[in-house]
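**Q**
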DNA sequence: TGTGAGATACGCAACGGTTCGTATCGTTTT
DNA sequence: AAAACGATACGAACCGTTGCGTATCTCACA
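Written out as structure tokens, the structure is:
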């Protein structure tokens, strides 16, 4: 998504890493100030105090700038909290995500995910840098939970991941209710019922 | 959302209802042809063969036009299929929604829901005309299912609705997998487990 | 170990193009 | 008489690009 972070320098003045960071920070601040839509390359340039040429040299459009800023802010996908029970780690991670969604990250995910519906490049970047890494972690924790027992043998992990996380994204976008701790626990609980080994019926 | 469908005519030439419909049709066709983003008021005007003033006189922006066109096309929220078992009606309705999501309606919902993230007016219109009416129907069917027995006594209906439908919306937007019949049945099944009366544990 | 040439980034300004939403015509319909 | 209609012009905003002169760095070569 970045313009060309790995480009080869064959002499000449190198691009300023400091500027790079300053642009990303300004972009992110702007989004949170005025909303994604109202942000323009010109605005980012003005806020950073650079010429917009400098920005266009590195990114193709504003979505790319903001996407990179978003990812850079995240750092590596946050590790799951410690707990020897895999399912409890999952629950805690759901709460962590929910808490993030109540703040800045929520606003950013909301905007980027929406924008991604209109921009295949952005959608790809979002999926690869946000969605898939996080799904992978959940996948692993669910695999471990399976080994620890209690979950059904024929577990459909992909569908299970959706059951745990889709409601959180749903509320983020629909605004049908708050993403409260109580709600997340409720989601966890009912999704977990769907994955348990059946006693009998 | 409409410009002023209920405005009072105090003499003068009345607005043409025929034009109104023609504009809505052209708007919807355009969205499906070129995508929401690429649609402009000018484009709708050109396709309809009217001046764009005529459109601006009735709607504030393109999102409003398309939203009204979308709603008009839907007609009243489709009734649930017949079946004496409430939970089976729910499952069938989920499949109906999924089928719609695989086609034109899916493309429209996806675009409108995304656009709504940037436009509070549009979000309100979407919630009131799409989301809430449909949630209400699910609410009622779940209430009936509760009376028919088998579901837990302390059922959280709002959370339950999310469990059944959020994964479908999730896949619509994330593209992590198809909204196939098998998937929907899987979602139904695991969500239903979360709502069942517990036998014991 | 210098040093100078070449390459590239930088800020700035200006450009043509597009789209938006508004305003202003004269005309048509009720 | 009043309001809708089509047509057209308009200013504003933003886009993405270009040209300019300057700044900064690398590399080749002495």
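Chains as they are written, first to last, in the working numbering: chain A, 413 to 613; chain B, 413 to 613.
For each residue, glycine too, the CB sits at the ideal point set by N, CA and C.
Model, not experiment: these values are computed from the prediction.
Based on Cα-Cα distance, which residue from B:443, B:479, B:610 and B:470 lies nearest to residue 532 (chain B)?
**A** Answer by Cα proximity: B:479.
**Q** For residue 476 (chain B) versus residue 436 (chain B), is the C-beta distance shorter than 8 Å?
**A** No. Outside cutoff.
**Q** Which residues in the same chain as residue 527 (chain A) place their Cβ atom closer than 7 Å to its Cβ, once the five residues preceding and following it in sequence are excluded?
**A** Here the set comprises 448, 475 and 534.
**Q** Across the segment 491-502 of chain A and the segment 426-446 of chain A, are there enough close Cβ pairs to call them in contact, namely three or more that are closer than 8 Å?
**A** No, the segment 491-502 of chain A does not touch the segment 426-446 of chain A.
**Q** Is the segment 548-566 of chain B touching the segment 507-515 of chain B in the sense that three or more CB pairs, one from each, lie closer than 8 Å?
**A** Output reads no: the segment 548-566 of chain B does not touch the segment 507-515 of chain B.
**Q** State the Cα-Cα distance for the pair residue 553 (chain B) and residue 605 (chain B), rounded to the nearest angstrom.
**A** Using only the alpha carbons, I get a separation of about 17 Å.
**Q** Please report the straight-line C-alpha distance between residue 499 (chain B) and residue 557 (chain B), rounded to a whole angstrom.
**A** The straight-line gap from Cα to Cα measures roughly 6 Å.
**Q** Hey, how far is the Cα of residue 596 (chain B) from the Cα of residue 575 (chain A)?
**A** Going from the Cα of residue 596 (chain B) to the Cα of residue 575 (chain A) covers about 12 Å.
**Q** When the Cα atoms are used, what is the spatial distance from residue 530 (chain B) to residue 517 (chain A)?
**A** Roughly 16 Å separates the two Cα atoms.
**Q** Could you check which residue in B:607, B:555, B:440 and B:429 has the C-alpha nearest to that of residue 520 (chain B)?
**A** Out of B:607, B:555, B:440 and B:429, B:440 has the C-alpha closest to the C-alpha of residue 520 (chain B).
**Q** In chain order, what residues of the segment 515-529 of chain A put their CB closer than 7 Å to some CB of chain B?
**A** Per Cβ criterion, the list reads 522, 523, 525, 526 and 529.
**Q** Ordered along the chain, which non-local residues of its own chain (more than five positions away) have a Cβ less than 6 Å from that of residue 523 (chain B)?
**A** The residues are 448.
**Q** Does the beta-carbon of residue 603 (chain B) have 16 or more other beta-carbons within 10 angstroms, so that it is buried, or is it exposed?
**A** By the neighbour-count rule (16 or more Cβ atoms within 10 Å), residue 603 (chain B) is buried.
**Q** For residue 485 (chain B), decide whether its Cβ has a neighbour in chain A, counting only Cβ atoms nearer than 8 Å.
**A** So, not an interface residue.
**Q** To the nearest angstrom, how far is the alpha carbon of residue 568 (chain B) from that of residue 598 (chain B)?
**A** Cα to Cα, the separation comes out at about 21 Å.
**Q** Applying the 10 Å Cβ sphere with the 16-neighbour rule, what's the burial state of residue 607 (chain B)?
**A** So residue 607 (chain B) counts as buried.
**Q** Beta carbons nearer than 9 Å to chain B: which residues of the segment 427-439 of chain A have them?
**A** So nothing in the stretch comes that close.
**Q** When Cβ atoms are compared, which residues of the segment 584-599 of chain B fall closer than 8 Å to chain A?
**A** Per Cβ criterion, the list reads 585, 586, 587, 588, 589, 595, 598 and 599.
**Q** Taking the beta carbon of residue 559 (chain B) as the centre, do at least 16 other beta carbons fall within 10 Å, making it buried, or is it exposed?
**A** Result: exposed.
**Q** Using a beta-carbon distance below 8 Å, is residue 413 (chain A) in contact with chain B?
**A** Only weak support exists for where residue 413 (chain A) lies, its pLDDT of 43 falling under 50; the value from the coordinates is given anyway. No - not a single Cβ of chain B is within 8 Å of the one on residue 413 (chain A).
**Q** Taking any Cβ of chain B, which residues in the segment 439-469 of chain A have a Cβ under 8 Å from it, in chain order?
**A** Cβ contacts with chain B come from 447, 448 and 449.
**Q** Can you tell me where the alpha helix (DSSP H) with residue 433 (chain B) in it begins and where it stops?
**A** Residue 433 (chain B) -> alpha helix (DSSP H) spans 429-446.
**Q** Indicate whether at least one CB of chain A lies closer than 8 Å to the CB of residue 545 (chain B).
**A** For residue 545 (chain B), the answer is no, since every Cβ of chain A falls outside 8 Å of its Cβ.
**Q** Would you verify that the beta carbon of residue 532 (chain A) is, or is not, closer than 8 Å to some beta carbon of chain B?
**A** No, residue 532 (chain A) lies away from the interface with chain B (no Cβ there is under 8 Å from its Cβ).
**Q** Can you find a C-beta in chain B that's less than 8 Å from the C-beta of residue 575 (chain A)?
**A** Yes - at least one Cβ of chain B is within 8 Å of the one on residue 575 (chain A).
**Q** Who are residue 563 (chain A)'s beta bridge partners in DSSP?
**A** Answer is A:608, bridged to residue 563 (chain A).
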